[in-house]
Each structure stands twice: as structure tokens, then as C-alpha cells.
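So for the sequence shown, our numbering puts the first residue at 3; every next one is plus one.
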Amino acid sequence: MPVFIDRVVLRNYKSIAACDVPLGSPTFLVGRNGSGKSNFIDALRFVTDALTASLDHAIRERGGINEVRRRSAGHPTHFGARYHFRLASGASGSYAFEVAARSRGGFEVQLEECFVHGAANSHYRVESGSVTRSSMPSPPPAAADRLYLGQAAGREEFRELYDSFGRAGFYNLIPEEIRQLQPPDEGSILRRDGSNLASVVGRLQEELPAAKERVEQYLEKIVPGVRGVSRKTLGPRETIEFRQEVGDTDSPWRFLAANMSDGTLRALGILVALFQPNGLPRPSAPLVAIEEPENALHPAALGVLLDAMREAGLKRQIVVTSHSPDLLDDSSIGADEVLVVEQLKGRTQVGQLDEVTRGLLQDHLRTPGELLRMDQLFPDPAQADLLDVKLFEEEHAPVA
């Protein structure tokens, strides 16, 4: 299974004080409402937003630096992350940064480092806007208010990593946005809320008909009677047209997205997110993260959705948040595919399953769904109780 990010280390990100966990494909982040599952996913999306827009935009979109750094009695003034990655080219490495708060809502990238191990080992280290170490003979200048990877991406050795982060897909699909008439775009990657779904379906229809057919086949199993979908142009806008059997008619009737249920629109959006264009013309969505795909879907459809995730996972990494026993009620879900997220005294803990729970799954005595119904999914204490983690190969003094 392709895995883009295979380990995530976080420090002081929103409700997460510290975590150091592996990511596979698929990975199911399981926990109660409000446990911090979305904060973990947001820590992955943060770097994508900071690189494709700007660090300032990523912080402001989340309400400012004081909403991103963890709130606690000690009131830490910094947050940071480290991502261990594998690229399609075969290169691997790690990318880390720490952002410190400054007065009046300001911030500074106090430390950033990147290692890419491939045909040529490449690296850099930036401290408070100054490049202090680099494999590049003449590294581009740095700035303390932005991530340096955006500057380094002008060099071939860092470009693939930048593109991979930039094209990761994070989804919290909104049926009302899918219903609206949508302005057309290139359709190379689905937007987070599904507001360009028509364009992505059109691109699949034109360039990847086999992938579009798989979307339609899975959708028909989830929503009986649906026989196909296509992009429909209405003046300067576009929408989705569904073909659906009604009564004893010989030919399917046609319905626009505005007339379809929330569950149908979410199911289509999830399937398109999973099977969206890959490599046309650039590598697309090496990682797809979907928040609570079970919402608005009948429990009987969730087994079909799991099958779709596994098939899509042959080409890209899949990460899912869920608190649905029905989605997880499958003996094929292994112990290494589950991360448990729980909140204790306002602090989110993230970890792999504890030893006892792992044994139950490995021996096929219980499914994750059964254990979730029994409230018996617990994180490994050795991972969940981390007080500090190492973000950099050479740690600096903590921020005052």
C-alpha cells in the first residue's frame, strides 16, 4: 500500500500536547466526539495550507496563533510538527518545523529542517529566518514568517516533497455546497467541501473512465437505483446529473444534485475523493483524509465504503476519522490500522492500541467495531502519556 506520511510527531498543536505515532494505509482514527480526532487531521492539513497559500493564511484561518498553540496552565508559546515521509520516486526523509508566538498575535518560524534521502541526500536547517545548514551550494534566502520548503521547492531535490504536501486531500464534505451550481475549474483535485465535485467528475469522465466507472459501481451499491453520474453544464456553471431508476420505467430518470439527498451527495463525494485523478498532469492527492465518512449514510452501506477505501488505498494513502462501530465492524481491519484518540483533562492523547486490545484483534476474537461498542478501545499508555517529543535531530533550548 502506498504510504506518503508514515509517522507524525506533534507538540503543542491545539489540544494535542505531544504525540508520536505511525501512519499506515488505511489508518482509522477512532474516538468519541470532541476527543481531538479533527485536531490530528488538521495538523496534517496545516502544512498543506501553509505551503499552498502561506503560513500567515494557515494560522489566520484557524483563528490566530493563540488558537493553534495548545492552551494549558503552562501556556506554551510554540507549536511544532515532524512528518516522516516516503515519496513516489522512492526517496524518504523527514520534515519538521516549530512556530513560536510573538506579541500582538505575531509569530516566527523558530526552527525548520528537512532531510530528503534519495539519489542525492539533501537537507537544510533554518533558524529564525537564517539558513544555518544546507546541502544547496547557494540556498535561497529565508524569512522568519514563512516555511522555507516553499523557497527550497525551486530546487529539484525538494520539489517532489513540496508537491506531495501541496496536493494532499482533506475532506469534510458539505452536501449543500455540492448542491449549488459550481464554477468550473481544472478538476485535478477535489476541494475539501466538495464545491468543485462536478469538475472532478467531468475530468474522470474524460480522462479516467475506468475510475469513474468504479465510482458509479460503488455508488450503485450504496444508493440502489443510481445508474450513473455525469457533469452537467448550465450556462457558466455546472452541476452533477444523476441517472436513477424510478418505478417500472424502462430508462433511468435524470436528477440534478439539487434534488438529491445528503447521503447520496456525501457518498458520491467520498468516492470521488478516493478515486480522483492521479497523475494528470501532476501527481494528485498522495494522501486522502476523510472526516467521519459514515455521516448521513445507512449502516448497511459502510461495508461497501470500506471496500472502496481498500481499493483506493492501492494508489494513495487513506486516513479516516470515525466514531462509528458499523464502519469498523470488520475483521479485516488490523490492529496496526487503528489509532485511538481520547481526551483526558482537556489534553488529547493519540496512540496505537494497547497490548490487550491488539491481541483480541490479531486473534480475530473481536472486531474494532465490537470493542468500540463496548467502550474497550484504549491507546497504548507508552504512546498516550508522552510528556515531550523530539521534533529535530538537534533540539534547541525551549522557548521562554
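Ideal placement from N, C-alpha and C gives every residue a C-beta, glycine not left out.
For the 8 Å CB-CB criterion, R169 and P288 form a contact. Straight-line measurement puts the Cα of T134 at about 19 Å from the Cα of G82. Taking a contact as a CB-CB distance under 8 Å, the pair E240 and Q184 counts as one, their CB atoms being some 6 Å apart. Residue burial is scored here from C-beta neighbours: V231 has at least 16 other C-beta atoms within 10 angstroms and is therefore classed as buried. T241 sits in a strand when the DSSP states are folded into three classes. Residue range 228-236 is occupied by the beta strand (DSSP E) that includes K234. The beta carbon of R349 is closer than 7 Å to those of S17, A19 in its chain, skipping five residues each way along the sequence. Judged by beta-carbon spacing, I176 lies within the 8 Å limit of D195, meaning their Cβ atoms are closer than that value. Between V342 and the set C21, D8, P4, the nearest pair of CA atoms involves C21. Assigned with DSSP and collapsed to three states, F99 falls in strand.
For the options R375, K317, T79, D58, the alpha carbon positioned closest to that of L330 is the one of R375.
Under the three-pair Cβ rule at 8 Å, the segment 55-66 does not count as touching the segment 78-98. The DSSP-derived three-state label of H366 is coil.
Between the alpha carbons of N14 and L46 lies a distance of about 14 Å.
In the three-state reduction of the DSSP assignment, G26 falls in the coil class.
Bridge pairing for S324: V32 [DSSP]. Under the criterion of beta carbons closer than 8 Å, I224 and V290 do not qualify as touching, at roughly 18 Å.
Taking the CA atoms as reference points, A103 sits about 48 Å from K234.
Comparing alpha carbon positions, the residue from L31, V322, H86, V128 closest to F172 is V322.
If you keep only unbroken alpha helix (DSSP H) runs of at least 4 residues inside the segment 123-154, you get 151-154. Under DSSP, the beta-bridge partners assigned to I18 are Y15, T350. Per DSSP, reduced to three states, the secondary structure at G249 is coil, with no helix or strand assignment.
Contact check for F160 against C116 passes: the beta carbons are separated by less than 8 Å. Straight through space, the alpha carbons of R71 and H80 are spaced by roughly 6 Å. Q246 is the residue among D250, Q246, S253 whose C-alpha sits nearest the C-alpha of A259. In this structure, the beta-carbon distance from V274 to V217 falls below 8 Å. In this structure, Q319 lies near S27, with their beta-carbon atoms less than 8 Å apart. Judged by beta-carbon spacing, P381 lies within the 8 Å limit of V352, meaning their Cβ atoms are closer than that value. Looking only at G107, R62, I191, V49, the smallest Cα-Cα distance to Y150 is reached by V49.
Comparing alpha-carbon positions, the option among E395, V202, E69 lying closest to G107 turns out to be E69.
In this chain, the beta strand (DSSP E) harbouring A291 covers 289-293.
In chain order, G33, S37, Q351 place their CB closer than 6 Å to the CB of E344, counting only its own chain and leaving out the 5 sequence neighbours on each side. For V274, the enclosing alpha helix (DSSP H) stretches over residues 264-277. Looking from the CA of A298, the closest CA among A269, H366, D365 belongs to A269. Within the same chain, H325 come within 7 Å of N35 by CB-CB distance, once the 5 residues on both sides are set aside. Judged by DSSP secondary structure, Q182 falls outside any alpha helix (DSSP H); it is assigned neither H nor E.
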